[in-house]
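According to the working numbering, the residues represented by the sequence shown are 4 to 238, in order.
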Amino acid sequence: MWSNVISIDKGFRREIEFILGKLKNIRHLSYAVEESRDRVFVYIASVCEMQEEVEAQVRDVLQTVFLVFLKLRFFLSSLQNMDLNHANCALICSLVHFDTEYEKNIIGRVLGETIDYAIDGLLNFRLRPLMENWEELAALATRLISSGSGGDIYDIASFITGTDGAKNRLALTRDALLNLTVRRPVEVIDLFDKPELNLISAIIREHPCEILLRGVSLSAPMNNTLKHIARVVVE
């Protein structure tokens with residue numbers, strides 16, 4: 004029997020909900036949840052024959068926690084004087100989804116070397132070099148915004164993250180977000196209280212070159228934001 008434990012401070016409510024929601028869909032995985040005064044512990048287990056497959060899926064979940072949820076928390080905290088409107092959300096999400104392939108390799112290595120998965124502890128100690136990179140990005144964004152020399156907020160996002168890798172055609176319908184290039188649905192993760200902001204994050208994460216709108220009604224700020232992210236086609 005293979006087993007391990009995931010632990011995290013109780014204050015990370017969205018992260019905990021995401022982890023538990025994902026774990027219940029992993030085949031051949033059993034888990035149990037315990038709580039202390041300050042932390043949540045998720046004990047996970049599988050038969051040895053399925054360890055490699057199950058462990059890889061668990062680590063994929065944890066990578067998303069680090070590179071979406073916790074990275075987002077970092078930038079929201081670093082840029083806390085910004086109103087969380089559509090344009091500012093696009094900037095923050097551009098920072099969150101910047102350089103993720105490189106960061107996935109670092110997190111994968113750390114998760115492969117650790118005995119258990121103390122998520123917030125790993126972020127603050129083993130993954131400190133990543134946080135230092137995020138600090139530099141946040142400082143650059145703050146300087147450009149404060150100086151007013153970087154153009155509007157979309158120009159700043161493009162300047163910092165670049166436009167390389169914009170290769171996917173997306174379709175947004177009333178019920179789903181689809182990546183037409185690789186033919187798969189796109190997960191829209193619950194990160195914000197406003198659904199349109201969750202969509203902005205999911206869209207930016209896919210590095211789109213084109214967004215097809217199929218019978219969907221969006222707010223004026225959302226339509227304007229999408230036009231700054233990629234070419235928009237209304238079908």
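Ideal Cβ placement from N, Cα and C applies to all residues, glycine included.
Query, Result
"Assigned exposure category for Leu183 - 16 Cβ within 10 Å defines buried", "exposed"
"Straight-line gap, Glu238 to Ser204 (C-alpha atoms, nearest Å)", "22 angstroms"
"Inter-residue Cα distance where the pair is Ser81 and Glu138", "8 angstroms"
"Range of the contiguous beta strand (DSSP E) that encloses Ile214", "211-216"
"CB contact flag (His231, Tyr157, <8 angstroms)", "yes"
"Residue interval of the beta strand (DSSP E) (run including Ile9)", "5-12"
"Spatially closest choice to Ile207 from Asn91, Arg146, Asp155, by CA coordinates", "Asn91"
"Inter-residue spacing [alpha-carbon to alpha-carbon] between Val185 and Ser39", "43 angstroms"
"Beta-carbon spacing of Phe69, Leu126 below 8 angstroms", "yes"
"Cross-strand partners of Asn201 (DSSP beta bridge)", "For Asn201, which the question treats as bridged, DSSP gives no partner whatsoever."
"Three-state class that DSSP yields for Phe44 in the structure shown", "strand"
"Three-state class that DSSP yields for Leu23 in the structure shown", "helix"
"Endpoints, alpha helix (DSSP H) assigned at Asn226", "223-232"
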